[in-house]
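Chemist:
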Amino acid sequence: MSNPRLTHLDEKGEARMVDVSDKAVTTRVATAAGSVWMKPETLDLILSGEIQKGDVLATARIAGIMAAKRTHELIPLCHPLAITKAEVTLTPDSNASRIDVTATVKVDGKTGVEMEALTAVSVACLTLYDMCKAVDRAMRIGDIRVVEKTGGKSGPYREA
0 MSNPRLTHLD
10 EKGEARMVDV
20 SDKAVTTRVA
30 TAAGSVWMKP
40 ETLDLILSGE
50 IQKGDVLATA
60 RIAGIMAAKR
70 THELIPLCHP
80 LAITKAEVTL
90 TPDSNASRID
100 VTATVKVDGK
110 TGVEMEALTA
120 VSVACLTLYD
130 MCKAVDRAMR
140 IGDIRVVEKT
150 GGKSGPYREA
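Going letter by letter, the sequence shown gives residues 0 to 159 in numbering that gives the first Met the number 0.
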């Protein structure tokens with residue numbers, strides 16, 4: 000079994016930003032997802048608008064969108080991208096006592112937007128935690144992953 004070449008390492012094994020200048024501009028879309036588990040009472044407070052810090056879902060949505068736009072400032076070696084779409088959806092699941100977060104990011108560019116989608120989900124989840132930690136420090140963030148991507152040389156990917 001051969002290992003794929005790690006594109007962020009040069010011939011000497013040193014970190015580098017990948018040169019994408021010769022790549023074609025294509026439409027690239029990535030969707031990531033994750034979840035925040037909490038006490039049922041915490042979810043009830045969020046849904047009833049009774050968290051003292053304000054509208055939890057709206058704030059987390061905006062935080063996720065802002066994070067997608069600034070991924071290159073947070074993750075070393077990421078290219079700054081002129082993203083054309085960043086959508087963050089938060090879906091409460093009362094049966095599982097969690098909020099599922101999904102982010103879809105789109106760009107017409109030379110490199111993909113998986114990191115932007117993952118960053119959007121991560122920051123939206125962290126914002127949910129931050130806004131509710133006073134009432135539930137046992138919240139758990141997890142299952143953050145890319146669920147789908149299209150565009151680019153490597154072709155489409157969809158979570159099995």
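Cβ atoms here follow ideal geometry from the backbone N, Cα and C, with glycine treated the same way. Since the model is a prediction, treat every value here as computed from it, not as a measurement.
Kindly give me the distance between the Cβ atoms of Gly154 and Arg27, rounded to whole angstroms, as I take these residues to be in contact under 8 Å.
Modeler: Here residue 154 refers to the residue found at position 155 when the sequence shown is read from its first residue. Here residue 27 refers to the residue found at position 28 when the sequence shown is read from its first residue. Between Arg27 and Gly154 the Cβ distance is about 11 Å, and since that is not below 8 Å, they are no contact.
Chemist: At what residues does the alpha helix (DSSP H) containing Thr70 begin and finish?
Modeler: The residue labelled residue 70 in the question sits at position 71 within the sequence shown. Note, Thr70: alpha helix (DSSP H), Thr70 to Leu73.
Chemist: Under three-state DSSP, which class holds Pro155?
Modeler: Along the sequence shown, read from residue 1 onward, the residue named residue 155 stands at position 156. Pro155: coil per DSSP, three-state reduction.
Chemist: Lys52: which of Ile98, Lys148, Thr126 and Val104 sits nearest, CA to CA?
Modeler: Along the sequence shown, one-based indexing puts residue 52 at 53. Looking at the Cα atoms, Thr126 is the closest of the given residues.
Chemist: Ignore the nearest five residues each way along the sequence and tell me which others in Gly33's own chain have a CB closer than 6 Å to its CB.
Modeler: As a working note, residue 33 is residue 34 in the sequence shown. Result list for Gly33: Val100, Val120, Cys124, Asp142 and Ile143, in chain order.
Chemist: Is the CB-CB distance between Tyr128 and Ile140 below 8 Å?
Modeler: Counting from 1 along the sequence shown, the entry for residue 128 is found at position 129. Counting from 1 along the sequence shown, the entry for residue 140 is found at position 141. Yes, they are a contact pair.
Chemist: Which residue wins for smallest C-alpha separation from Pro208, given the options Ala66, Met138, Glu158 and Arg15?
Modeler: Because residue 208 is not part of the residues shown, which for the chain are 0 to 159, the question remains open.
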